[in-house]
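First up is the structure itself, then whatever we jot down about it.
Chains as they are written, first to last, in the working numbering: chain A, 1 to 384; chain B, 1001 to 1142.
Spelled out as structure tokens, the structure:
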């Protein structure tokens, strides 16, 4: 195999949810050991590791992975809010392609407190004092404006939650595995209008891991190898996006390309592929509206058309462009540092054809997307 | 002046030239970008360093909004806002800026396009007995 190829030799996951008494290191180790077993490799085969988290203290990567074997390899923590896992993947790819390493582990782990995210992580003290520090509030205002500009309805937003909760029933790694009707979603309490409780993802706990191997070092295991076709990380340009508590937001009528679009373009360019080649998507559904916006920014439909796209059923399992067949973050919860790697675990299963009742038939190319504070966005494209 | 009011965020909300309060910021001499607040040293839009202090007017229009249905998280000295509390992105009338702020507007009256004016809210009294105020808007004419 070409030395520029990056093969996902193995993936592993610790379920996302609530695990009282279990440390984030234990969750990360469980995911890492599962990924090594899946790859048929041992920890001593790993030459470097990148560990993604947002809420864990310094050297959490070393604390998590060094107990698997104090081999002296470099273990670095990386953070980019909801896109943290994408940074770990990107760093691993660069380490492999540079020729420095032949095998790199990526692990994301998190253990977040219950309830709203701690606003001190991303807001200024004065923003906390005046009460604008509610994380879903910033996303909800995007939804309100989209409804105003494009006629998107509460039923269409709720439709995303109905779909993702329905998908989650088959995912043993998800925090919530329960189907909800449209009436139940629309009957759940408003959190930040128009976003409701059953349309929002819970910050929680969990871990996910992958073992990445350079093409010329990959031995093969009889399965069709899954390769990383592209991986890009970008930050929103000035005022292009307020998924961050940026205090200064330009209202100038300037055409800016959203971070999701820029990251996807870069990843597709590396891959030599386009959105029409993708068999299934895992996208950042922080809330149900965010998934609709991702449809538009990834190019699944034109701007303003996402409400009609969810209504058409095209993005449900069995549709032409299934999105979040894992149940999405709405069902799995979002352990921020682990979320992107959790998407990768799901998509590798889809490409291997081992996803069981939630299998997308004939999946060959899959895309994972995360987007969060400061407009941090990462997109990873995998193929077989 | 132990009873004087002060701003919770002096770089963003300051005394208006004609009395009362105004939102404050900087303007880029190179690209004319308006920036809310006076903490930036470089223009994030073009990178220039030539920023001059400006005061913005107190009028704006609701560009989008949400409604807080639960107390906001985090440690604050201010009293929690009365719920439900609308939060808005207010587009200023005299500068192309959108500012996130709570609204002293009944939920049933909040809509995109609503004309609002700056009306800072007393948040708490500090150690020196000063009333500390923070950014808030209310409907024009009410």
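We put the CB at the ideal spot given by N, CA and C, even for glycine.
For a test of the three-state rule: what should DSSP assign to residue i, helix, strand or coil?
i: residue 1066/B; result: strand
i: residue 96/A; result: helix
i: residue 233/A; result: strand
i: residue 162/A; result: helix
i: residue 176/A; result: coil
i: residue 1091/B; result: strand
i: residue 203/A; result: coil
i: residue 1107/B; result: helix
i: residue 367/A; result: strand
i: residue 387/A; result: Lying outside 1 to 384, the shown extent of chain A, residue 387/A is not represented and no answer is given.
i: residue 52/A; result: strand
i: residue 1052/B; result: strand
i: residue 38/A; result: helix
i: residue 136/A; result: helix
i: residue 1115/B; result: strand
i: residue 1139/B; result: strand
i: residue 220/A; result: coil
i: residue 1011/B; result: coil
i: residue 1040/B; result: coil
i: residue 323/A; result: strand
i: residue 1035/B; result: strand
i: residue 1072/B; result: coil
i: residue 306/A; result: helix
i: residue 153/A; result: coil
i: residue 335/A; result: coil
i: residue 345/A; result: helix
Per DSSP, which one or two residues make a beta bridge with residue i?
i: residue 249/A; result: 1098/B
i: residue 256/A; result: None; residue 256/A has no bridge partner.
i: residue 383/A; result: 227/A and 365/A
i: residue 311/A; result: Paired residue(s): none; residue 311/A is not in a bridge.
i: residue 372/A; result: 376/A
i: residue 1005/B; result: 1131/B
i: residue 208/A; result: 13/A and 108/A
i: residue 43/A; result: Note: residue 43/A sits in no beta bridge, so no partner.
i: residue 195/A; result: 192/A
i: residue 1061/B; result: 1091/B and 1115/B
i: residue 1024/B; result: 1055/B
i: residue 1086/B; result: 1067/B
i: residue 1122/B; result: 1133/B
i: residue 213/A; result: 7/A and 103/A
Taking the straight line between their C-alpha atoms, what separation do you get for residue i and residue j?
i: residue 158/A; j: residue 93/A; result: 37 Å
i: residue 126/A; j: residue 259/A; result: 27 Å
i: residue 231/A; j: residue 13/A; result: 20 Å
i: residue 1024/B; j: residue 1036/B; result: 6 Å
i: residue 37/A; j: residue 150/A; result: 49 Å
i: residue 286/A; j: residue 360/A; result: 23 Å
i: residue 283/A; j: residue 294/A; result: 7 Å
i: residue 1049/B; j: residue 1055/B; result: 19 Å
i: residue 378/A; j: residue 116/A; result: 23 Å
i: residue 88/A; j: residue 325/A; result: 23 Å
i: residue 1001/B; j: residue 62/A; result: Summary for residue 1001/B: the model assigns pLDDT 43, below 50, so the residue's position carries little reliability; its value from the coordinates is reported in the next sentence. For residue 1001/B and residue 62/A, the distance between alpha carbons rounds to 54 Å.
i: residue 1012/B; j: residue 1038/B; result: 7 Å
i: residue 345/A; j: residue 1137/B; result: 46 Å
i: residue 370/A; j: residue 225/A; result: 24 Å
i: residue 403/A; j: residue 302/A; result: In the structure displayed, chain A extends from 1 to 384; residue 403/A sits before or after that span and is not available.
i: residue 273/A; j: residue 1009/B; result: 48 Å
i: residue 81/A; j: residue 262/A; result: 18 Å
i: residue 290/A; j: residue 175/A; result: 20 Å
The ligand FMN and residue i: does any heavy atom of the ligand fall closer than 6 Å to the residue's C-beta?
i: residue 368/A; result: The ligand content of the structure shown is nil, which means the ligand FMN is not present either.
Taking beta-carbon pairs under 9 Å, can you tell me which members of the stretch 127-142 of chain A lie near chain B? Here the close residues are 127, 128, 129, 130, 131, 132, 133, 134, 135, 136, 137, 138, 139, 140, 141 and 142.
Let me know the alpha helix (DSSP H) ranges lying completely inside the stretch 56-134 of chain A, each 4 residues or longer, listed in chain order. Those alpha helix (DSSP H) runs which fall completely within the stretch 56-134 of chain A and span 4+ residues are 60-65, 84-97 and 125-130.
Below 7 Å between beta carbons is the criterion; list the residues of the stretch 231-263 of chain A that meet it against any residue of chain B, in chain order. Correct list: 238, 247, 248, 249, 250, 251 and 252.
For the stretch 264-303 of chain A, list the beta strand (DSSP E) runs that are entirely contained and at least 3 residues long, ordered along the chain. Fully enclosed beta strand (DSSP E) runs of 3 or longer: 280-282.
Just by C-beta distance, which residues in the stretch 1091-1108 of chain B are closer than 7 Å to chain A? So the close ones are 1091, 1096, 1097, 1098, 1100, 1101 and 1102.
What are the residues of the stretch 1062-1076 of chain B that lie near chain A, defined by any Cβ-Cβ distance shorter than 8 Å? Going along the stretch 1062-1076 of chain B in chain order, one finds 1063, 1064, 1065, 1066, 1067, 1068, 1069, 1070, 1072, 1073, 1074, 1075 and 1076 with a Cβ nearer than 8 Å to chain A.
Would you list, in chain order, the members of the stretch 177-198 of chain A that have their beta-carbon closer than 9 Å to a beta-carbon of chain B? Here the close residues are 189, 190, 191, 192, 193, 194 and 195.
Residues within the stretch 114-125 of chain A neighbouring chain B, beta-carbon criterion of under 9 Å: For the stretch 114-125 of chain A, which is checked against every Cβ of chain B, the residues closer than 9 Å are 115, 116, 117, 118, 119, 120, 123, 124 and 125.
3 or more residues per run - each beta strand (DSSP E) lying fully within the stretch 2-31 of chain A: Secondary structure remark: continuous beta strand (DSSP E) runs of at least 3 residues inside the stretch 2-31 of chain A, in chain order: 6-17.
Mind listing which residues of the stretch 7-18 of chain A have their C-beta closer than 7 Å to chain B's C-betas, in chain order? With the criterion set as a beta carbon lying under 7 Å from some beta carbon of chain B, the stretch 7-18 of chain A has no members that meet it.
When Cβ atoms are compared, which residues of the stretch 146-165 of chain A fall closer than 7 Å to chain B? Cβ contacts with chain B come from 148.
Residues of the stretch 260-291 of chain A whose Cβ lies closer than 9 Å to any Cβ of chain B, in chain order: Shown here is that no member of the stretch 260-291 of chain A has a Cβ falling below 9 Å from a Cβ of chain B.
Could you list the residues in the stretch 1004-1034 of chain B with a C-beta less than 7 Å from some C-beta on chain A, going in chain order? Flagged, chain order: 1008, 1009, 1012 and 1033.
For the stretch 55-87 of chain A, which residues have a CB atom closer than 9 Å to at least one CB atom of chain B, in sequence order? Along the stretch 55-87 of chain A, there is no position whose C-beta sits under 9 Å from a C-beta of chain B.
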